[in-house]
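Have a look at the structure below before the remarks.
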Amino acid sequence: MKVALLGLLQSGKSTIFASLSGKGIPPIGSTTIEEAIVTVPDERLDWLTEYYKPKKTTYATIDCLDVPGFNFTDDHGRSAARRQINQIRTVDMLVLVVRAFENPAVLSYRNSIKPVGDLAELRTELLLADLELVATRIEKLEKQVHKPTKTQAYDKAELALHKKLQETIESEKPISSAIENDAEREMIKSLGFLTLKPMAIAVNVGENQLKAKFDFSEHVDTSVPVVTICAKLEFELAQLDAESRAEFMADLGIAESAISKFVNGCYSALGLISFITVVSNEIRAWPIKQGTIAHEAAGKVHTDIKRGFIRAETFSFDDLKEHGNEKALKAAGKIRLEGKDYVVQNGNIINFRFNV
Ligand SMILES: Nc1nc2c(ncn2[C@@H]2O[C@H](COP(=O)(O)OP(=O)(O)O)[C@@H](O)[C@H]2O)c(=O)[nH]1
Ligand SMILES: [Mg+2]
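Here my numbering is used: the first residue of the sequence shown is 31, the next is one more, and so on.
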């Protein structure tokens, strides 16, 4: 699963990216998209590691892309931005980073700090990029529908759908708001519309604004998650070892780092949950889409386990934590045997029984 960080120049994307990846800050003004694998923090795995003392603990990950900052104030910037935008059509989620921090040493976009205005500008550009794609597709389909080919009926349906999408974008609404069913979704899947993807907003605040609230409801649906992050602070936290970090956070009065909240927020916005395996001295979290059945989940671990699937021996992390150990859990009847069609739940600890 891929998440792209997008935003205007100097909004703090690369600083957030560096805090996520634990890498140094990529060169300022970098013109290429950087990619990093980001660990999804999970307190359940921390607890299980203490309990089972495995040799290895493997957290779930997501891929994160740092896209060069956009500058829509001149033609050169606009065409560069459009190129970058077209390169991220295959990602699964967009995070729009907007700047709220004041810092006279860091040049501000259009000479002012206005998170809501910047968000509106970004959103308009995404809509325009999708509109261009729709228009190209309509042009092509309009020629094609007149040919009596095998796909003619499908082409006609696709054309009608694109016309509906065109109207939607022209009324400044995202494509996601126009899609009514899976058939429509399937029809346009390969095009990678940006305004169809799950989205979140990250507001990059200064150290003195940690509790500030921002309202973007004029421009995006209220279901779009908004996180406030002080990128500079998170970057400093990411450089520390666990102990100093805990001390520093206690001093600042924060319980959970904004970055870890942020990553977990992306994980659930992507529709992902984790099941956990404890085998051969390794504890591992496996990302799956919500609604995945045990048989499919088995295939994530190994194709042999899927092929020879017998049963999934399952208990929930919360039950284990509550009862304290596996023996008490068993006595309480909390370890179940589930079949292929069992819908795996977030935090299920699964031991697959299989035979090949
Ligand atoms: N004061 C302050 N400065 C920041 C913060 N985040 C980023 N900066 C600075 O703003 C500049 C641009 O940040 P960068 O991450 O490169 O922005 P990008 O262009 O969006 O990738 C850098 O000099 C950062 O040190 C912040 O939260 N507070
Ligand atoms: Mg950058």
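Ideal Cβ placement from N, Cα and C applies to all residues, glycine included.
Residue interval of the alpha helix (DSSP H) (run including residue i)
i    : result
E65  : First-last for E65: 64–69, but that is the beta strand (DSSP E), not the alpha helix (DSSP H).
R366 : Unbroken run through R366 is the beta strand (DSSP E), 366–368; no alpha helix (DSSP H).
I193 : What sits at residue 193 in the sequence shown is Lys, not Ile. Taken as a continuous stretch (DSSP letters only), the alpha helix (DSSP H) holding K193 covers 182–200.
G222 : From DSSP, G222 is part of no alpha helix (DSSP H); its letter is neither H nor E.
F347 : 347–353
V374 : That residue, V374, is in no alpha helix (DSSP H); it is neither H nor E in DSSP.
L163 : 145–174
Close-in-space but distant-in-sequence residues of the same chain around residue i (CB under 6 Å, 5 per side omitted)
i    : result
F100 : L38, A111
R314 : T88, T307
M31  : I92, D122, L300
I335 : A328, F382, F384
Run of the beta strand (DSSP E) containing residue i, from where it starts to where it stops
i    : result
V128 : 123–129
V309 : 302–309
L263 : Premise fails: L263 lies in the alpha helix (DSSP H), 261–268, not in any beta strand (DSSP E).
M229 : 229–234
K319 : 312–319
R275 : Careful: R275 lies outside any beta strand (DSSP E), inside the alpha helix (DSSP H) at 272–282.
D96  : 91–96
T87  : 86–88
V33  : 32–37
Residue i vs residue j beta-carbon contact at 8 Å
i    : j    : result
P98  : S51  : no
T91  : T69  : yes
I340 : Y372 : no
L300 : P228 : yes
A34  : L95  : yes
E202 : L158 : no
K370 : H325 : yes
A130 : I143 : yes
D72  : S304 : yes
F244 : P145 : yes
G338 : F384 : yes
L124 : L163 : no
Any non-hydrogen atom of ligand 1 closer than 7 Å to residue i Cβ
i    : result
C260 : yes
N133 : yes
T45  : yes
V136 : yes
I58  : yes
Q40  : yes
G354 : no
G222 : no
G52  : no
G107 : no
N311 : no
N234 : yes
G295 : no
G283 : no
G37  : yes
heavy atom of ligand 4 below 7 Å from residue i C-beta
i    : result
F223 : This structure simply doesn't include ligand 4; it includes ligand 1 and ligand 2 instead.
Residues near residue i in its chain [Cβ-Cβ closer than 7 Å; skip 5 each side]
i    : result
K86  : N311, E312
E132 : I143, G236
A208 : K194, L195, T198
A362 : H353
I55  : S44, T45, A48
Cβ shell of residue i (< 8 Å), same chain only, five flanking positions each side left out
i    : result
I289 : I46, S49, L50, I259, E264, L267, A268
E200 : L161
L126 : L36, G37, L149, L152, R153, M229, A230, I231, A232
V175 : Q182, D185, K186, L189
Test: residue i CB closer than 8 Å to a CB of chain D
i   : result
V33 : The displayed structure is made up of one protein chain only, and chain D is not part of it.
Residue i Cβ short of 7 Å to ligand 2 heavy atom set
i   : result
D96 : yes
G99 : yes
For the structure I just gave you, are there three or more beta carbon pairs, one from the segment 257–264 and one from the segment 222–241, closer than 8 Å? yes
Any 3 or more C-beta pairs closer than 8 Å across the segment 155–172 and the segment 190–197: yes
Evaluate the contact criterion for the segment 134–150 versus the segment 240–253: three or more CB pairs, one atom per stretch, below 8 Å. yes
Is there contact between the segment 177–192 and the segment 201–220, where contact requires at least three CB pairs shorter than 8 Å? yes
Between the segment 291–301 and the segment 271–283, do three or more beta carbon pairs fall short of 8 Å? no
Does the segment 375–382 come into contact with the segment 339–359, if we say contact requires no fewer than three beta-carbon pairs (one atom in each stretch) closer than 8 Å? yes
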